[in-house]
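So the sequence shown is numbered by the working numbering: it starts at 50 and just counts up by one. First comes the structure, then the notes that go with it.
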Amino acid sequence: MSRHPKATPPIHAGSHGLRVSYEPVSSLDAVLGGSEVLAAVDFAAQTRTDPEAPYRITLGLPALDDAETVEVWRTVGPVAHGMDGPFGIAESSDVLFARLVLDESGFADLDAATAHVYREICALLKRRGFPHLVRIWNYFPQINRLERGLERYQAFCLGRHRALEPTPEMERDLPAATAIGGRGRGLAVYFLAARAPGVQVENPRQVSAFRYPERYSPRSPTFSRATLKHWGEDRHLYISGTASIVGHESRHLDDPLAQLDEIITNLQALIDSANQVEPIGLDGPAGLSLVKVYLREAELLASVRRRLQQMLGEGPRVIYLLGDICRQELSVEIEALYATATRSG
Ligand code: 3EB
Numbered sequence: 050m051s052r053h054p055k056a057t058p059p060i061h062a063g064s065h066g067l068r069v070s071y072e073p074v075s076s077l078d079a080v081l082g083g084s085e086v087l088a089a090v091d092f093a094a095q096t097r098t099d100p101e102a103p104y105r106i107t108l109g110l111p112a113l114d115d116a117e118t119v120e121v122w123r124t125v126g127p128v129a130h131g132m133d134g135p136f137g138i139a140e141s142s143d144v145l146f147a148r149l150v151l152d153e154s155g156f157a158d159l160d161a162a163t164a165h166v167y168r169e170i171c172a173l174l175k176r177r178g179f180p181h182l183v184r185i186w187n188y189f190p191q192i193n194r195l196e197r198g199l200e201r202y203q204a205f206c207l208g209r210h211r212a213l214e215p216t217p218e219m220e221r222d223l224p225a226a227t228a229i230g231g232r233g234r235g236l237a238v239y240f241l242a243a244r245a246p247g248v249q250v251e252n253p254r255q256v257s258a259f260r261y262p263e264r265y266s267p268r269s270p271t272f273s274r275a276t277l278k279h280w281g282e283d284r285h286l287y288i289s290g291t292a293s294i295v296g297h298e299s300r301h302l303d304d305p306l307a308q309l310d311e312i313i314t315n316l317q318a319l320i321d322s323a324n325q326v327e328p329i330g331l332d333g334p335a336g337l338s339l340v341k342v343y344l345r346e347a348e349l350l351a352s353v354r355r356r357l358q359q360m361l362g363e364g365p366r367v368i369y370l371l372g373d374i375c376r377q378e379l380s381v382e383i384e385a386l387y388a389t390a391t392r393s394g
């Protein structure tokens, strides 16, 4: 059965330094021909990578709304594509994008697999001269399942923490992150790294994840709530997966729409914190460029979409994906990107 994506023009965020757009999946062949492409991410029932297209990753995270989209990251100037160890990479003068999908079966558990992946990431960043992780996405199946007495999300946090712990000043240069349970096989990770650090932004309404009490996981989740990064004249704000959490506690357990309201309040608080670092020309969630909504159940789509449209209006491009939130009791999580569209001259 063929699908007919809407013939709307691609939506761009960012101008010259680094651009992100959502384009119809039907334009993928044209995308793949573009030498300035850093990454092409799409969403399907199964996770896939192709060694011939090292900048491509298909996540096992089905899109819930009708438009099949590919998320395309581009820069200006030449990009080198290739494989580096287990990673498919794309590298320009100031950005490194990389992806990998790890088969967990060669490891004792997800803790060991994750520690391996994050050690490989640290080695890659060092080897290629992009020491600062800016934004990272993590997807793996059965995120809430108990394995050897530990929930898989907690095992993931443990492995990630063990790998990052030796990094000096680790808690000051943490990337914005997403960790979601997908439907595909394997641990799928893709990320954006830079030669110069971004600024870590935390949310005053929430305890920083790296300071969560131990009951959430034996080692704390190592990510920032957001990262503010300059790319040439552009500024990007990468907002991590944001859930209905206040302090460190989950709120509105049986009410996905109330969770949504709490998330919007959290996004507003984060945007306010980012503006204290530096005025970025973003007043609130309605000014965001790209928004990704993860829903635990497809049945939530209609009500969540209606409510979110009321709150965000027509400004942000929003996509809805089926994915499991790392806290079993929560149904919705939202990540976002804001890019200034400054023009020089
Ligand atoms: C939270 O705030 C919700 O472990 O990398 C969101 C984004 C969450 C990233 C991660 C976890 C992560 O704790 C969960």
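Ideal Cβ placement from N, Cα and C applies to all residues, glycine included.
Within a Cβ cutoff of 7 Å, which residues of the same chain sit near S142, ignoring the five residues on either side of it in sequence?
What you label residue 142 is simply residue 93 of the sequence shown in a count that begins at 1. Excluding positions up to five away in sequence, the list reads G126.
Apply the 10 Å Cβ neighbour rule to D114 and answer buried if 16 or more other Cβ atoms are within range, or exposed otherwise.
Translated into the one-based positions of the sequence shown, residue 114 becomes position 65. By the 10 Å Cβ count, D114 comes out exposed.
Looking at the structure shown, is G380 part of a helix, part of a strand, or coil, going by DSSP?
Translated into positions along the sequence shown, residue 380 becomes position 331. The question names Gly, but residue 380 in the sequence shown is Ser. Three-state DSSP puts S380 in coil, outside helix and strand.
If we ignore side chains and look at the alpha-carbon of each, how far apart do L286 and G330 end up?
Reading the sequence shown from its first residue, position 237 is the one you call residue 286. Reading the sequence shown from its first residue, position 281 is the one you call residue 330. Approximately 11 Å between the Cα atoms of the pair.
CB-CB under 6 Å to V150, same chain, minus the five flanking residues each way: which ones, in chain order?
Counting from one through the sequence shown, the residue named residue 150 turns up at place 101. T96, T98, G235, A237, listed in sequence order.
Runs of alpha helix (DSSP H) lying entirely within the stretch 171-217, each at least 4 residues, in chain order
201-213
If you compare alpha carbons, which of R264, G290, Y265 is closest to S273?
Within the sequence shown, residue 273 is the residue found at index 224, counting from 1. Comparing Cα positions, the closest option is G290.
Taking 8 Å as the threshold, find out whether the stretch 304-316 comes into contact with the stretch 190-210 through three or more Cβ pairs.
no
Is the CB-CB distance between W280 and Y239 below 7 Å?
Within the sequence shown, numbered from 1, the residue matching residue 280 stands at position 231. Within the sequence shown, numbered from 1, the residue matching residue 239 stands at position 190. No; because the gap between Cβ atoms is not below 7 Å, this pair is not in contact.
Hey, quick one: how far does the alpha helix (DSSP H) through Q308 stretch, first residue to last?
Your numbering for residue 308 matches position 259 in the sequence shown. Counting along the chain, the alpha helix (DSSP H) containing Q308 begins and ends at 305-326.
Let me confirm a value: E140 is counted as buried when at least 16 other C-beta atoms fall within 10 Å, else exposed. Which label applies?
Locating residue 140 in the sequence shown gives position 91, counting from the first residue. Its Cβ being crowded by 16 or more others within 10 Å, E140 is buried.
Run the proximity test for I294: is its beta-carbon closer than 6 Å to any non-hydrogen atom belonging to the ligand 3EB?
The count along the sequence shown starts at 1 and reaches residue 294 at position 245. Yes, Cβ of I294 sits closer than 6 Å to a heavy atom of the ligand 3EB.
Through-space distance from E348 to L241, alpha-carbon basis:
Translated into positions along the sequence shown, residue 241 becomes position 192. Translated into positions along the sequence shown, residue 348 becomes position 299. Rounded to whole angstroms, L241 to E348 spans 32 Å at the Cα level.
Reference G178, options E218, A243, V166, N315, closest by Cα
The residue given as residue 178 occupies position 129 in the sequence shown. With distances taken between Cα atoms, G178 lies closest to A243.
DSSP on F146, reduced to helix/strand/coil?
Counting from 1 along the sequence shown, the entry for residue 146 is found at position 97. Strand at F146.
Got a sec? Which residues, its chain only, sit under 6 Å from G109 by beta carbon, not counting five neighbours each side?
Position 60 of the sequence shown holds residue 109. Q95, T96, G231, R232, G233.
Which parts of the stretch 107-165 are runs of the beta strand (DSSP E), unbroken and 3 residues or longer, counting only runs that do not cross its ends?
118-124, 129-133, 136-140, 144-151
Report buried or exposed for A245, applying the criterion of at least 16 other Cβ atoms within 10 angstroms of its Cβ.
Along the sequence shown, read from residue 1 onward, the residue named residue 245 stands at position 196. Exposed is the call here.
If you check the beta carbons only, do H297 and V250 fall under 7 Å apart?
In the sequence shown, the residue the question calls residue 297 occupies position 248. In the sequence shown, the residue the question calls residue 250 occupies position 201. No, Cβ-Cβ distance for H297 and V250 is not below 7 Å.
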